[in-house]
Structures are given as structure tokens and as C-alpha cells.
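2 protein chains.
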Amino acid sequence: MVFFIIGLGLGDHRDITVKGFEAVKTCKEIYLESYTSILGINKLQLQEFYGKEVIEADRECCETGIDQILENVSKDPQNNYAFLVVGDPFCATTHTDLFLRAIKLGIKVEVIHNASIINAIGCTGLQVYRFGETVSVPFFTEKWKPYSFYPKIKANLDHNLHTLVLLDIKVKEISEENLARGKKIYEAPRFMSTQIAVEQIIESDKQLGLNAIDEKTKCFGVARVGFETQKIVSGFLHEFLDIEMGPPLHSFVICAKELHPIEEEMFQFYRNNQQKID
Amino acid sequence: MVFFIIGLGLGDHRDITVKGFEAVKTCKEIYLESYTSILGINKLQLQEFYGKEVIEADRECCETGIDQILENVSKDPQNNYAFLVVGDPFCATTHTDLFLRAIKLGIKVEVIHNASIINAIGCTGLQVYRFGETVSVPFFTEKWKPYSFYPKIKANLDHNLHTLVLLDIKVKEISEENLARGKKIYEAPRFMSTQIAVEQIIESDKQLGLNAIDEKTKCFGVARVGFETQKIVSGFLHEFLDIEMGPPLHSFVICAKELHPIEEEMFQFYRNNQQKID
Chain X
1 MVFFIIGLGL GDHRDITVKG FEAVKTCKEI YLESYTSILG INKLQLQEFY GKEVIEADRE
61 CCETGIDQIL ENVSKDPQNN YAFLVVGDPF CATTHTDLFL RAIKLGIKVE VIHNASIINA
121 IGCTGLQVYR FGETVSVPFF TEKWKPYSFY PKIKANLDHN LHTLVLLDIK VKEISEENLA
181 RGKKIYEAPR FMSTQIAVEQ IIESDKQLGL NAIDEKTKCF GVARVGFETQ KIVSGFLHEF
241 LDIEMGPPLH SFVICAKELH PIEEEMFQFY RNNQQKID
Chain Y
1 MVFFIIGLGL GDHRDITVKG FEAVKTCKEI YLESYTSILG INKLQLQEFY GKEVIEADRE
61 CCETGIDQIL ENVSKDPQNN YAFLVVGDPF CATTHTDLFL RAIKLGIKVE VIHNASIINA
121 IGCTGLQVYR FGETVSVPFF TEKWKPYSFY PKIKANLDHN LHTLVLLDIK VKEISEENLA
181 RGKKIYEAPR FMSTQIAVEQ IIESDKQLGL NAIDEKTKCF GVARVGFETQ KIVSGFLHEF
241 LDIEMGPPLH SFVICAKELH PIEEEMFQFY RNNQQKID
């Protein structure tokens, strides 16, 4: 019996590895993690491709139901199980936690890696070795404006490093109002756009008085990396206030102050080709 | 006609994605980049799996022969071609250069992403978001000891970030002696072990007088990530002088000063399980 934790990569059903696909076909039950990222296709398309049922594991399931699933797995040594994760299995802490819990129950775990935005961001032409700490930008609200991600961007700029900026995803959230009333009513999913992210980045810079960015700060907006509709746009920070990247997921990069020659060439390339390339 | 640049991932032939595998099957010629990394299998096994010939593209080919290949591709709009890269296509600058050259010749390029050590290093349980700049450690010689990678490790430690340390690979190198004599005799391939890397790291710290590391510095050695024989070992820096990680490729991680609780748990886990896990 093996409990597979399988990365699905970034695009559609065919971005799973051959190894992962073969593993899935041996499994009794297949869980799909569905709240830290999204695929370009839905559960039904995955089911059709695998020829098997896929059980969606939302946030609630991952946080509170997972022990029950692992308990069942550990009691069924005859069968394989799979837990599918968009991107790479270890790119979210919650899946590392899953790995540890399974091991503790004596379950044989096998991890199958895949691309994640962490390495696929190289599609911009920026060298993946020159990225500093990754930051996540949360949706600001009127009352809650956590600027704490911003000094990390400044530190990266000070060290002449690029910053990968991950944008907030709100899936299966309950509004404060409904939460207070004990009503389990989910809000519509929300995915932060590069436009909102840039607004919040500029606001953070002003509020903290750091002056780390200006109109000459080079940036990349990327959307739907690995999807057929992938879009990569380069430009100066303030230009992104007006650039529409289309449907989710979006990510953003704030470039180091100096670009290497090939990085500069790629920046110019995507500045002149603001459309889908590959 | 499409020129595919396809990531093979980190393990064996079955780590290619289904999308990549399907693309390969449509190609007239398939080139395999074979000098920035290594796969767990050889060209013959790939050929058997694809049912097609695979042409090895060594350093010489990539640096000087590639223009001729692209020229041929651009003149043959009826057929698809593939260039296979271990890991992810954009994790080495030379492949970004290939991408740009192809585009300039008007060739339609399609990139198929995969896992690379940049994201798969999450297998240690360390959060991929908390890594600072990646460093590469070159083989020191008696005359040439470039310590320039070391201040980057210190900067990461100062910011409480992990450092991924990539270790030198020497494939198809010609010795200085033979180079001076104009003899094209290749040395045997050499792959740096974590033991050599740690020796050089300790030497660099001493020579630069930075005192950034000590006997309490937590580290991970990883070998053959994604292979069936993958090995992950955690321990304190100096312990790695005696830890044998086996065959290549090796990579190394110097942990941030403070670990998050799940990171600490994974550190303890691999400290107590110094053997192949998944």
C-alpha cells in the first residue's frame, strides 16, 4: 500500500507526470486538494482523463477531515491512495503537515514532484537563482492592511534580487457577518489581480515610507502560467495599474535593480510582445 | 511546426509530463541537453521509452552547434522538434538563450514545465518561500578559490532565510594542460559531493572571517532528489563532513537560524531517519 502525494503541475490534466498518471491508475481513492491553487480544468475533466472518481478535498477537509482519511488509509494496507496537489506537493506547508501525519501513522508515502510557480516563474527569463524571499500579498480590507510583506520586497531590492509576489486566493471563505451569526454561507471565490496587487504594493511603500520602488522599477505580470492561455507582460511598476491580465491565477515579479543581459533581453521581448507567446 | 523545450523533471524517463511525452512522440528530431544536470537513466533508456532516437546535445553542441540546429528547424515548417532539459526548461540561463534565439528565427516555441531542484527542495520540509538567493559552489583548485558565493549565504542567514546550495558539475571538461596543448581530451565527469561542499563552505567562512556558521547551524543534504534512491539527511553543518550521500547529484541546504514548527519537525524526522524515505 502506498499513499501517493502527487503534484499536478500548473496547466491542465496532461501536466501530471507519466509516473504520477500511472500511480493514479492504481489507486482506490483519489483526493484533489482544491483550495491553495487552481488548475486550468475542473474535477470532471480530471475524472474523465483518469477514468476514476476524484474526491474534492477543500479547506475544511484538509484542515479537519484529513485525519479520518489517513486513518482509513492506514487500515487498508491492500490498496493505494492518492492525494493530488496543484503545482508541487511540498510548495504549501499544509501538505508537508499531511506528509508528516501519514508517516506517523506508519503509512508508506511516495511523493511525485512537478512544476510549481516557484520554478516556472523562470518563464519570464529572469534567473531563478536570483530570486530572494517569496512574498504573499493578502487582500487589504478597510480595517486590515497588513504591510508586513513589503519590507521583504525592499530587502530583496537592496540585495539586487528579484521578488516573486504571490497573490491572495479566497476560496470557500465565510464573511465576518455570517461567521458571527454562525451561518456557513460561502462567499464567491476571489482571486487577486496584478492590478490590485500593484495598488496595494504602492500603498504599502507610501505608508511605510520606504521609497523602495519608483516609476523605473521593472516588473513582470504573469497569468495562467503553464495554461494554453498563459500571458506574460513586462513593464514598469505603475504601468501595471492599467494592464489587464485576464482570468486567474495571476502572479507578479518585482525585478532586481540590475538585470543581466539575457534578463534584459527577455524584459524587452515581453514588453514588445504583450500577448500570449507559448 | 513547433519547437518544444521540454522539462524532464528530476528522476527517470517517467518523470516527463503526459503533455511532454505526447509532444515528443510527434517530433522528427529529439535533442537531449546533457551537461547542466543528469537524469537517473541514460539516453538508451529514454530512446526505448520514446520509441525514437535521441540526440545528445553536450556543452559544445549547446554553445556552438545550436544555431545550426535552429536554422534547420526554421527551414522545416512541416515537422516538430524537441529539446529536452533535465529539470525545468528555464532553470538554466543557456536555455533562456535558446528560447530567444529560436523566437528570433521566427520559430514557434512551446515550453513544457517540470519540477526542478529549485522547487523540489521542498522535499526537505523547509518552506520554499523562505529561501533566499540560491548559490553555486564551484570546485576549488590550489590556485583558484572563489569565495564569492559565501557572502550570499551570510546575507540569507542574516535575513533568517534558507540557502539552497547547488554543487559543481564538471562534464566534458578539458584540463588546463591539455587545453594549452590544444588537445581535445575530456576529463572524467566529476560531481561535487556534499562533503567537499561543506569543506569549502567552512574554508570560505574562515578565510573571509565572517563567522556566519557554527556547530549549531542546521543543514540538509539531499541526493538524487526524485530518483528511487533519493536520500535526505538533516544534521548540523560539521556532521556533514562525515556523511556519505552516495552517487550524484547532491545538493545542500543551510537552514535559516530559526525554523518554523513544521520545519523543525521535518528536521528532527530526517535526523532520526537517515535512510531513503520516499
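Top to bottom, those sequences are chains X and Y. Heads up: the first sequence at position 269 corresponds to 269 in UniProt numbering, and the numbers run straight through without jumps. Heads up: the second sequence at position 31 corresponds to 31 in UniProt numbering, and the numbers run straight through without jumps. Positions of the beta carbon are idealized from the N, C-alpha and C atoms, including for glycine.
Compare the C-beta of G226(X) against all C-beta atoms of chain Y and say whether one is closer than 8 Å.
-> Position 226 of the first sequence holds residue 226(X). Chain Y contact via Cβ: present.
Since I believe A256(Y) is in contact with N160(Y) (beta carbons under 8 Å), could you give me their beta-carbon distance rounded to a whole number of angstroms?
-> Taking the second sequence and counting its residues from 1, the one referred to as residue 160(Y) is at position 160. Taking the second sequence and counting its residues from 1, the one referred to as residue 256(Y) is at position 256. The pair is a contact, with the Cβ atoms about 5 Å apart (cut-off 8 Å).
Compare the beta carbon distance of G125(Y) and I262(Y) with 8 Å and say whether it is the shorter of the two.
-> For the purposes of this step, residue 125(Y) is identified with residue 125 of the second sequence, where counting begins at 1. For the purposes of this step, residue 262(Y) is identified with residue 262 of the second sequence, where counting begins at 1. Yes, these two residues count as a Cβ contact at 8 Å.
Following the continuous beta strand (DSSP E) through A57(X), name the residue where it begins and the one where it ends.
-> One-based indexing of the first sequence puts residue 57(X) at position 57. Start and end: 55-57.
Which residues does DSSP pair with I232(X) in a beta bridge?
-> To locate residue 232(X), count along the first sequence from 1; it is residue 232. Per DSSP, V222(X).
Pull up the distance between the alpha-carbon of Q275(X) and that of V233(X), whole angstroms please.
-> Taking the first residue of the first sequence as 1, we reach residue 275(X) at position 275. Taking the first residue of the first sequence as 1, we reach residue 233(X) at position 233. Confidence is the limiting factor: at Q275(X) the pLDDT is only 45, short of 50, which leaves the residue's position unreliable, though a coordinate-based value still follows. Q275(X) and V233(X): Cα-Cα distance of roughly 7 Å.
Are the segment 5-15 of chain X and the segment 83-92 of chain X touching by the rule of at least three beta carbon pairs closer than 8 Å?
-> yes
6 Å CB neighbourhood of T194(X) in its chain, flanking five on each side removed | Taking the first sequence and counting its residues from 1, the one referred to as residue 194(X) is at position 194. Result list for T194(X): G221, F240, M245, H250, F252, in chain order.
Name, in chain order, the residues that DSSP records as bridge partners for S251(X).
-> Position 251 of the first sequence, counting from 1, holds the residue named residue 251(X). According to DSSP, which records beta bridges pairwise, S251(X) is partnered with L166(X), V222(X).
Can you give me, in chain order, the residues of the segment 113-127 of chain Y that have a beta carbon less than 7 Å from any beta carbon in chain X?
-> Those residues of the segment 113-127 of chain Y that come within reach of chain X (Cβ to Cβ, closer than 7 Å) are H113, N114, A115, S116, I118, N119, A120, G122, C123, G125, Q127.
Whole-angstrom distance between G20(X) and D15(Y), CA atom to CA atom | For this step, residue 15(Y) is matched to residue 15 along the second sequence. For this step, residue 20(X) is matched to residue 20 along the first sequence. Those two C-alpha atoms are separated by around 8 Å.
What's the C-alpha gap between G106(Y) and P146(Y)?
-> Taking the first residue of the second sequence as position 1, residue 106(Y) is located at position 106. Taking the first residue of the second sequence as position 1, residue 146(Y) is located at position 146. The alpha-carbon of G106(Y) is positioned some 40 Å away from that of P146(Y).
What does a CB cutoff of less than 6 Å around I55(X) pick up in its chain, not counting 5 residues either side in sequence?
-> Position 55 of the first sequence, counted from the first residue, corresponds to residue 55(X). Within the same chain, I55(X) has close Cβ partners Y31.
Which of helix, strand or coil DSSP assigns to R190(X) = Translated into the one-based positions of the first sequence, residue 190(X) becomes position 190. Strand, per DSSP.
Under 8 Å between the Cβ atoms of F227(X) and G40(X)?
-> Position 227 of the first sequence holds residue 227(X). Position 40 of the first sequence holds residue 40(X). Yes; because the gap between Cβ atoms is below 8 Å, this pair is in contact.
The segment 135-150 of chain X touching the segment 162-173 of chain Y, judged by at least three CB pairs closer than 8 Å | no
Classify I5(Y) as helix, strand or coil using the three-state DSSP reduction.
-> Stepping through the second sequence from its first residue, residue 5(Y) is reached at position 5. It is a strand residue.
Which of the three DSSP states, helix, strand or coil, is assigned to N211(Y)?
-> In the second sequence, the residue the question calls residue 211(Y) occupies position 211. Correct three-state label for N211(Y): coil.
Count the other C-beta atoms from every protein chain shown that fall within 10 angstroms of the C-beta of T26(Y), then say buried if there are 16 or more, exposed otherwise.
-> Along the second sequence, one-based indexing puts residue 26(Y) at 26. So T26(Y) ends up on the exposed side.
Nearest-angstrom Cα distance between P189(X) and N42(X)?
-> Along the first sequence, one-based indexing puts residue 189(X) at 189. Along the first sequence, one-based indexing puts residue 42(X) at 42. Straight-line Cα distance between these residues: approximately 15 Å.
Mind checking which residues open and close the alpha helix (DSSP H) that includes K152(X)?
-> The count along the first sequence starts at 1 and reaches residue 152(X) at position 152. Start and end: 150-158.
By how many angstroms is the C-alpha of G182(Y) removed from the C-alpha of F131(Y)?
-> For this step, residue 131(Y) is matched to residue 131 along the second sequence. For this step, residue 182(Y) is matched to residue 182 along the second sequence. Each residue's alpha carbon lies about 43 Å from the other.
How is K19(Y) classed by DSSP in three states: helix, strand or coil?
-> As a first step, residue 19(Y) is located in the second sequence; it is residue number 19 there, counting from the start. In this structure, K19(Y) counts as helix in the three-state DSSP scheme.
Residues near Q200(X) by beta carbon distance below 7 Å, same chain, minus five either side = Numbered from 1 along the first sequence, position 200 holds the residue referred to as residue 200(X). Taken in chain order, the residues that qualify are V137, F140.
Bridge partners - S136(X), DSSP secondary structure assignment | Sequence index remark: in the first sequence, residue 136(X) carries index 136 (1-based). Answer is L166(X), bridged to S136(X).
Pull out every residue of the segment 43-54 of chain Y whose Cβ sits closer than 7 Å to any Cβ of chain X, in chain order.
-> none
Going along the chain, which residues of the segment 87-100 of chain Y sit with their C-beta nearer than 7 Å to a C-beta in chain X?
-> D88, F90, C91, T93, T96, D97, L100
Partner residues on chain X for R130(Y), Cβ-Cβ distance less than 9 Å | As a working mapping, residue 130(Y) is identified with position 130 in the second sequence. The contacting residues are E133, T134.
Grouping DSSP H, G and I as helix and E and B as strand, with all else coil, what is I103(X)?
-> Numbered from its first residue, the first sequence carries residue 103(X) at position 103. In the structure shown, I103(X) sits in a helix (DSSP, three-state: H, G or I).
Pull up the CB-CB distance for L259(Y) and K218(Y), whole angstroms please, since I reckon it's below 8 Å.
-> Mapped onto the second sequence, residue 259(Y) falls at position 259. Mapped onto the second sequence, residue 218(Y) falls at position 218. Contact holds; Cβ gap of about 7 Å.
Which stretch, first to last residue, makes up the alpha helix (DSSP H) that contains V73(Y)?
-> Residue mapping note: residue 73(Y) aligns to position 73 of the second sequence, counting from 1. That run of the alpha helix (DSSP H) goes 66-74.
Range of the contiguous beta strand (DSSP E) that encloses residue 279(X) | Look at the range of chain X in this structure, 1 to 278, and you will see that residue 279(X) is not part of it.
Closest residue to K152(Y) among I243(Y), L237(Y), K108(Y), I213(Y) (Cα-Cα distance) | Numbered from 1 along the second sequence, position 152 holds the residue referred to as residue 152(Y). Nearest of I243(Y), L237(Y), K108(Y), I213(Y) to K152(Y), Cα basis: I213(Y).
Is I121(X) helix, strand or coil by DSSP?
-> As a working note, residue 121(X) is residue 121 in the first sequence. Three-state DSSP puts I121(X) in a helix.
Interfacial residues, the segment 10-43 of chain X to chain Y, with Cβ spacing under 9 Å = L10, G11, D12, H13, R14, D15, I16, T17, V18, K19, G20, F21, E22
Coil, strand or helix - Y83(X) by DSSP | Locating residue 83(X) in the first sequence gives position 83, counting from the first residue. In the sequence on display, residue 83(X) carries Phe and not Tyr. Looking at F83(X) - three-state DSSP - the assignment turns out to be strand.
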